[in-house]
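Q:
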Amino acid sequence: MATPDPDPEHTPALDERGTLPAGDTPPAEGGISGISHPEPEELRTAWGIWPAVVIVAVALAVSVMLVAMIFALT
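Numbering-wise, the numbering used here comes out as the position in the sequence shown, counting from 1, plus 8.
#1: Nearest-angstrom Cα distance between L68 and H45?
#2: With H, G and I counted as helix, E and B as strand and the rest as coil, what does DSSP make of L51?
#3: What is the rounded straight-line gap between the Cα of L74 and the Cα of V62?
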């Protein structure tokens, strides 16, 4: 949670120009300039053609087996 900007009149360690003397720690939170490890690559969002071909082939095979079972019963 970020601290709101303090009033320069009541902030300790500020000089008359409103800046910090060298070596002092700022009164608010410090920031970081970067991350400590590289970000992972983003995953692809598209499946491509092969998963669709496999799904259609399995659906057709199941359909053919069901139709064959129906004709075998009659």
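In this text, a Cβ means the ideal position worked out from N, Cα and C, and glycines have one as well.
A: The structure says:
#1: Going by the C-alpha atoms only, they are around 47 Å apart.
#2: In the structure shown, the three-state DSSP call for L51 is coil.
#3: Taking the straight line from one Cα to the other gives about 18 Å.
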